[in-house]
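Counting in my numbering, the sequence shown runs from 1450 upward without gaps. Even for Gly, the Cβ is constructed at its ideal location relative to N, Cα and C. One structure is given below, encoded as structure tokens.
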Amino acid sequence: MESLLDITLRSLWISGLASLVSFIAALALSFSLARARESVANVVAGFLESLVGVPTTVIGLLTYMLLYPRGPLAPLNLLYTPWAIVIGESLVALPVSAVVLYRSVRRSLSVVSELAASLGLTSGGLFGIAAREIIPDLFTSYLVGFSRAIGELGVALIAGGGIQGYTNVLTTAIALETSIGNYEDAISVGLVLISITALITLALKTMGERIWRSS
1450 MESLLDITLR
1460 SLWISGLASL
1470 VSFIAALALS
1480 FSLARARESV
1490 ANVVAGFLES
1500 LVGVPTTVIG
1510 LLTYMLLYPR
1520 GPLAPLNLLY
1530 TPWAIVIGES
1540 LVALPVSAVV
1550 LYRSVRRSLS
1560 VVSELAASLG
1570 LTSGGLFGIA
1580 AREIIPDLFT
1590 SYLVGFSRAI
1600 GELGVALIAG
1610 GGIQGYTNVL
1620 TTAIALETSI
1630 GNYEDAISVG
1640 LVLISITALI
1650 TLALKTMGER
1660 IWRSS
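This is how it looks when you write it as structure tokens:
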């Protein structure tokens, strides 16, 4: 097995970037839905909630079909690269990030809209005030997306290939070591994965609470 540090750093940047992309998309989607008619927004929100439970192997297959040699994104030559995992994990994390954000954004906008109107603020100013009111939820949205991304296996295996020294991440390393009977190494990698998720969650949650209290 390659260096555990290399695998860990690769997992962090791939999943961190994927969850950031999904968070930005979820934020834009949530504000758009919050401004839409409630009946339409609820239908879309319900659809997103249904997508949360889609197996990551299905999303991995979808990513593969987009990137394989005859797929629509074949000219990009991204299949079996870290960028393929980034794309797939972004799709994995997007629904859960959007579900967490939407209700908070809608509630916040309903509270601050009258204040913003009385102050004559533009839409940008309104969104800024609403975002400050839900800072802890913003961090939570990113965290649940990150946890979903770094812990998935389907995309990393199907679209990334689990190539040693290139696309091998923590989850594919666990699968590989288990398949060849290296259970101690698999357990060690699993503990690293759990520890990273727990530490990052604790750190970002604490940071979010402090920023919200000082704002």
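- The beta carbon of Glu-1451 sits closer than 6 angstroms to those of Gln-1613 and Gly-1614, all from its chain and outside the five residues before and after it, given in chain order.
- Here Leu-1640 is exposed: its Cβ has fewer than 16 other Cβ atoms, across all protein chains shown, within 10 Å.
- Separation of the CB atoms of Leu-1619 and Ile-1456 is rounded to 6 angstroms, and the pair is thereby assigned contact status at 8 angstroms.
- Taking all protein chains in view, the Cβ of Ser-1488 is surrounded by fewer than 16 other Cβ atoms within 10 Å, so the residue is classified as exposed.
- When the Cα atoms are used, Ser-1590 and Val-1549 turn out to be separated by approximately 6 angstroms.
- By the beta-carbon neighbour count (other beta carbons within 10 angstroms, threshold 16), Tyr-1632 is exposed.
- Leu-1527 places its beta carbon less than 9 angstroms from that of Leu-1516.
- Between the C-alpha atoms of Ala-1533 and Ser-1644 there is a straight-line separation of about 25 angstroms.
- In the same chain as Met-1656, and ignoring 5 residues on each side of it, the C-beta atoms closer than 8 angstroms to its own belong to Phe-1588, in chain order.
- Secondary structure at Glu-1487: helix, using DSSP grouped into helix, strand and coil.
- In the structure shown, Glu-1626 adopts helical secondary structure according to DSSP, grouped into three states.
- For the set Glu-1626, Gly-1630 and Val-1535, the Cα lying nearest the Cα of Glu-1601 is the one of Val-1535.
- Our two residues, Tyr-1513 and Glu-1582, have alpha carbons roughly 39 angstroms apart in a direct line.
- Between Gly-1594 and Phe-1472 a beta carbon distance of about 6 angstroms is seen, short of the 8 angstroms cut, so the two are scored as contacting.
- Proximity to Pro-1531 across Ala-1485, Arg-1556 and Thr-1621 peaks at Thr-1621, based on C-alpha coordinates.
- The Cβ atoms of Glu-1538 and Val-1604 lie closer than 9 angstroms to each other.
- A distance below 7 angstroms between beta-carbons, with the five flanking residues on each side excluded, links Leu-1500 to the following residues of its chain, in chain order: Pro-1544.
- Taking the C-beta atoms as reference points, Ala-1624 is found nearer than 9 angstroms to Gly-1611.
- Rounded to whole angstroms, the gap between the alpha carbons of Val-1541 and Leu-1478 is 16 angstroms.
- Selection Leu-1469, Asp-1586 and Arg-1555 evaluated against Arg-1659 yields Asp-1586 as nearest (Cα-Cα).
- Around the beta-carbon of Leu-1454, fewer than 16 other beta-carbon atoms lie within 10 Å, marking it exposed.
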